[in-house]
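Numbering (UniProt numbering), first residue to last: 1 to 163.
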Amino acid sequence: MADFTYVSTWQGFVYVAFIIDVFAGYIVGWRVSSSMETTFVLDALEQALWARRPSGTVHHSDKGSQYVSLAYTQRLKEAGLLASTGSTGDSYDNAMAESINGLYKAEVIHRKSWKNRAEVELATLTWVDWYNNRRLLERLGHIPPAEAEKAYYASIGNDDLAA
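Below you can see the structure in the form of structure tokens.
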């Protein structure tokens with residue numbers, strides 16, 4: 001699942017994209033950019049593809065121009081992902097991504113003023129690591145996403161992915 005959000009800095013807006021594995025809510029890709037061009041969300045996708053190497057997986061996003069662009073949809077196809085987009089004008093079918101954006105803004109962005117992209121990028125890196133490895137999620141039984149994934153892979157005997 002993918003989406004991006006805006007962050008105001010002293011130097012203008014920057015944009016932060018997240019790609020989330022819905023199973024445990026693990027953030028598998030992210031990128032901060034000073035431009036909303038398609039390459040910015042493609043960079044987050046490449047990070048997610050490198051981390052997971054999925055095939056046959058559904059990739060859901062809203063109908064933002066970056067996510068329905070030829071370059072993005074072609075890359076999804078090359079990676080063996082099935083593209084899915086939500087309805088126009090609402091965020092209900094992209095709720096998990098919108099929720100991650102909301103948590104990110106509440107827990108990081110709205111706590112201070114941001115000077116520039118580099119400052120937002122460092123804070124985002126720190127937050128993503130914390131979210132994936134230490135944030136307790138009620139829907140997972142009050143454990144972090146990384147721990148939920150590790151337990152799942154161990155339960156099915158896939159020790160390579162459980163490590």
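The C-beta atom is built at its ideal place from N, Cα and C for all residues, glycine as well.
Can you grab the Cα-Cα spacing for the pair residue i / residue j, in whole Å?
{"i": "Ser35", "j": "Ile156", "result": "42 angstroms"}
{"i": "Gly102", "j": "Glu78", "result": "31 angstroms"}
{"i": "Glu138", "j": "Ile19", "result": "20 angstroms"}
{"i": "residue 171", "j": "Leu125", "result": "In this structure the chain extends from 1 to 163, so residue 171 is not present and cannot be described."}
{"i": "Ala154", "j": "Val28", "result": "19 angstroms"}
Where does residue i land, buried or exposed, given buried means 16+ other C-beta within 10 angstroms?
{"i": "Trp10", "result": "exposed"}
{"i": "Tyr104", "result": "buried"}
{"i": "Gln66", "result": "buried"}
{"i": "Asn132", "result": "buried"}
Going by CA-CA distance only, name the one from the options that's closest to residue i.
{"i": "Arg53", "options": "Phe40, Gln66, Leu76", "result": "Leu76"}
{"i": "Asp62", "options": "Leu137, Gln47, Ala95", "result": "Ala95"}
{"i": "Gly64", "options": "Phe23, Arg139, Thr5", "result": "Thr5"}
{"i": "Asp21", "options": "Ser8, Ala44, Phe40", "result": "Ala44"}
{"i": "Lys115", "options": "Val14, Tyr152, Gly80", "result": "Val14"}
In this structure, does DSSP put residue i in helix, strand or coil?
{"i": "Asp21", "result": "strand"}
{"i": "Thr85", "result": "strand"}
{"i": "Asp43", "result": "helix"}
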